[in-house]
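Here is the structure we will look at, set down as structure tokens.
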Amino acid sequence: MDHLPIFLDVKGRKVIVDGGSSIAARRVERALQAGAKVHVFADELDDEFRGLRDHPDLTHHTRAPELPDFVGAAVAYGATENEERDRALYEMANHSHVLANVADVTEYCDFITPSIIDRSPLVIAISSGGAAPIIARILRARIEAILPATYGKLAAFSGRLRERVMTKLKTAGARREFWESTIDGPVADKFLAGDEKAAKKQFLKELDAAALGQDIAQVGEVYLVGAGPGDPDLLTFRALHLMQRADVVLYDRLIGDGIINLVRRDAERIYVGKKPGNHALSQPEISDLLVKLAREGKRVLRLKGGDPFIFGRGGEELETLAEAGIPFQVIPGITAASGCASYAGIPLTHRDHAQACIFVTAHGQDGVLSLDWDTMARPGQTVAIYMGLGSLEFLMSEFIKRGVPADTPAAIVDNGTRPNQRVVKGTLADLYQKAEAAKLPGPALVIVGSVVELSDSLNWYKNFEADKHAMSLGASPDL
Ligand code: SAH
Numbered sequence: 056m057d058h059l060p061i062f063l064d065v066k067g068r069k070v071i072v073d074g075g076s077s078i079a080a081r082r083v084e085r086a087l088q089a090g091a092k093v094h095v096f097a098d099e100l101d102d103e104f105r106g107l108r109d110h111p112d113l114t115h116h117t118r119a120p121e122l123p124d125f126v127g128a129a130v131a132y133g134a135t136e137n138e139e140r141d142r143a144l145y146e147m148a149n150h151s152h153v154l155a156n157v158a159d160v161t162e163y164c165d166f167i168t169p170s171i172i173d174r175s176p177l178v179i180a181i182s183s184g185g186a187a188p189i190i191a192r193i194l195r196a197r198i199e200a201i202l203p204a205t206y207g208k209l210a211a212f213s214g215r216l217r218e219r220v221m222t223k224l225k226t227a228g229a230r231r232e233f234w235e236s237t238i239d240g241p242v243a244d245k246f247l248a249g250d251e252k253a254a255k256k257q258f259l260k261e262l263d264a265a266a267l268g269q270d271i272a273q274v275g276e277v278y279l280v281g282a283g284p285g286d287p288d289l290l291t292f293r294a295l296h297l298m299q300r301a302d303v304v305l306y307d308r309l310i311g312d313g314i315i316n317l318v319r320r321d322a323e324r325i326y327v328g329k330k331p332g333n334h335a336l337s338q339p340e341i342s343d344l345l346v347k348l349a350r351e352g353k354r355v356l357r358l359k360g361g362d363p364f365i366f367g368r369g370g371e372e373l374e375t376l377a378e379a380g381i382p383f384q385v386i387p388g389i390t391a392a393s394g395c396a397s398y399a400g401i402p403l404t405h406r407d408h409a410q411a412c413i414f415v416t417a418h419g420q421d422g423v424l425s426l427d428w429d430t431m432a433r434p435g436q437t438v439a440i441y442m443g444l445g446s447l448e449f450l451m452s453e454f455i456k457r458g459v460p461a462d463t464p465a466a467i468v469d470n471g472t473r474p475n476q477r478v479v480k481g482t483l484a485d486l487y488q489k490a491e492a493a494k495l496p497g498p499a500l501v502i503v504g505s506v507v508e509l510s511d512s513l514n515w516y517k518n519f520e521a522d523k524h525a526m527s528l529g530a531s532p533d534l
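So the mapping is simple: my numbering equals the position in the sequence shown, first residue as 1, plus 55.
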């Protein structure tokens with residue numbers, strides 16, 4: 056992070072705004088809303104100062120600020136668009152140890168003014184570190200759209216009940232647990248549905264139970280969540296929601312940093328990653344660990360790449376949980392075949408090409424391939440092969456041996472949906488050589504079928520890293 060995010064308490068403190076423009080007006084407005092004593096310096100005030108001019112906490116000076124003005128100030132804003140005056144403001148502020156921000160002049164900024172979503176007392180601030188204010192603004196608009204106005208009221212409601220919780224529950228841990236289960240449970244449901252009275256009644260009931268040590272969430276639970284193929288934007292809302300609730304997360308190799316960073320910050324993280332042949336934890340050990348953690352009353356997030364029920368051994372883990380009587384829920388994710396196909400512009404079915412699509416894994420129990428070749432070699436279908444990179448040469452030649460034409464299109468999507476996605480296209484006859492030359496790191500999905508041709512015109516996902524890599528190989532970006 057380039058900056059330290061903080062919310063500053065400026066109630067009753069002096070804030071300096073130099074300038075009378077519309078930008079200055081916005082700075083003044085926000086500072087007044089935060090309860091500051093604002094001193095604005097400008098010969099004239101823009102029309103946007105209408106409604107602010109007579110505010111009791113606003114003092115207007117028709118001159119430039121001077122050094123003594125900075126004594127005791129909390130922050131100083133420059134918004135004159137006059138280079139000399141902006142620099143003078145910055146230097147005086149600096150000299151007086153007052154934080155300064157000059158609009159649009161990065162070198163005169165000690166801090167950034169974020170884009171905000173105001174659901175007071177709930178305030179969301181967004182910053183792109185000054186690199187892309189437009190992105191921050193677009194994001195702000197989106198959050199505005201999805202965040203119900205009542206959220207602010209819910210926050211205020213919680214605020215009013217804080218004292219009671221403080222007196223009833225003695226430890227910070229107990230309070231956090233209580234707030235999480237209430238604010239995300241029936242209390243919030245009732246409140247957001249407009250019934251504040253019922254919400255409060257429920258709240259007090261739950262608080263009494265918590266104070267008596269009757270833990271509302273005594274039994275832990277396991278969330279088996281599909282995290283999709285890599286692009287964090289492909290998570291479901293439900294996945295994100297549970298990632299924010301978990302006390303502990305078990306994740307493996309396919310889960311990238313972009314996704315793991317979305318898990319609640321203070322959740323414990325346990326890596327159970329497996330590389331082929333190099334198991335960090337064996338499958339039974341993982342299942343046992345899930346049971347153990349849930350029995351401790353924890354909300355356990357089992358995060359899986361793609362979809363947990365597609366070549367994810369999700370079923371095996373759940374069988375153990377079911378036997379042990381541990382409650383669980385399963386959240387589907389976008390499976391690699393779906394994500395890779397979309398991001399490579401390869402429709403898995405198409406009326407002119409394929410009426411069916413089959414998903415197979417080239418990794419059998421104990422490394423033995425046990426594929427149903429009669430089914431795989433049928434015409435008019437697409438075959439998506441998981442874990443096929445290691446045995447690619449065998450797979451391609453076996454298709455041909457089983458009578459599939461050697462010029463049937465085939466593709467490998469490596470690191471699908473991620474910034475380093477690469478697609479290698481060829482035919483059954485030459486895909487292996489091309490893949491060798493491209494030195495793909497995996498994970499990779501193999502797609503066999505004439506639908507692969509369609510990607511020539513449907514390929515939409517452009518990513519810089521892959522282009523760079525292709526250039527360094529001397530190939531065209533499309534390989
Ligand atoms: N449950 C997962 C599959 C786990 S098996 C799912 O539904 O996607 C692991 C295999 O999935 C890898 O060997 C690879 O074949 C495929 N895979 C997973 N993520 C991938 C990605 N981002 N790009 C390409 N293939 C991927």
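Glycine is no exception: its CB is placed at the ideal position from the N, C-alpha and C atoms.
Span of the alpha helix (DSSP H), counted from its first residue to its last, around residue i
i, result
"Pro287", "Unbroken run through Pro287: none, as it is neither H nor E."
"Val157", "Note, Val157: premise wrong, no alpha helix (DSSP H); beta strand (DSSP E) at 154 to 157."
"Gly369", "369 to 379"
"Ala312", "Strictly speaking, residue 312 in this sequence is Asp, with Ala absent from that position. From DSSP, the alpha helix (DSSP H) with Asp312 extends over 312 to 315."
"Arg231", "227 to 238"
"Lys255", "251 to 266"
"Arg105", "Premise fails: Arg105 is in no alpha helix (DSSP H) and is neither H nor E."
"Ser77", "77 to 88"
"Trp428", "428 to 431"
"Ile487", "In the sequence as displayed, the identity of residue 487 is Tyr instead of Ile. Per DSSP, Tyr487 belongs to the alpha helix (DSSP H) from 486 to 493."
Helix, strand or coil at residue i [DSSP, three-state]
i, result
"Tyr306", "strand"
"Gln384", "strand"
"Val503", "strand"
"Thr168", "coil"
"Glu138", "helix"
"Ile193", "helix"
"Gln436", "strand"
"Pro460", "coil"
"Ala409", "strand"
"Arg357", "strand"
"Tyr278", "strand"
"Thr416", "strand"
"Ile467", "strand"
"Ile455", "helix"
"Ala186", "coil"
"Ala399", "helix"
"Ser510", "helix"
"Asn149", "helix"
"Ser213", "helix"
"Leu450", "helix"
"Ala335", "coil"
"Leu247", "helix"
"Ala119", "coil"
"His296", "helix"
Residues bridged to residue i [DSSP beta-bridge criterion]
i, result
"Val220", "Looking at the DSSP assignment, Val220 forms no beta bridge with any residue, so it has no partner."
"Ile71", "His94, Ala131"
"Arg324", "Val304"
"Asp343", "Per DSSP, none; premise fails for Asp343."
"Asp173", "Val178"
Start-to-end residues for the beta strand (DSSP E) that takes in residue i
i, result
"Gly133", "128 to 133"
"Leu113", "113 to 116"
"Gly443", "It is not in any beta strand (DSSP E) - Gly443 carries neither H nor E in the DSSP assignment."
"Lys480", "477 to 482"
"Val178", "177 to 181"
Rounded Cβ spacing between residue i and residue j (contact assumed at less than 8 Å)
i, j, result
"Leu486", "Ala465", "5 Å"
"Glu351", "Gly275", "6 Å"
"Gly556", "Asp112", "Residue 556 is absent from the model: the chain starts at 56 and stops at 534."
"Gly281", "Pro339", "In fact, because the Cβ distance is near 22 Å, the residues do not count as touching under 8 Å."
"Gln257", "Val277", "Not quite, the Cβ-Cβ distance comes to about 26 Å (not below 8 Å), so this is no contact."
Contact with chain D by residue i, beta-carbon distance below 8 Å
i, result
"Gly311", "This model lacks chain D altogether, as it is built from one protein chain only."
Segment contact flag, the segment 124 to 136 with the segment 68 to 84, C-beta cutoff 8 Å, min 3 pairs: yes
Is the segment 312 to 326 in contact with the segment 283 to 293, if contact means three or more CB pairs nearer than 8 Å? yes
May I ask you to verify whether the segment 257 to 264 touches the segment 440 to 453, counting CB pairs closer than 8 Å and requiring at least 3? no
Looking at C-beta atoms only, is the number of pairs between the segment 369 to 380 and the segment 471 to 479 that lie closer than 8 Å three or more? no
Stretch pair the segment 62 to 69 + the segment 87 to 103: three plus CB contacts closer than 8 Å: yes
Would you check if there are 3 or more beta carbon pairs closer than 8 Å linking the segment 477 to 486 to the segment 387 to 394? no
Quick check: the segment 393 to 401 against the segment 506 to 517, are at least 3 beta-carbon pairs closer than 8 Å? yes
Between the segment 189 to 200 and the segment 166 to 174, can you find at least three pairs of beta-carbon atoms closer than 8 Å? yes
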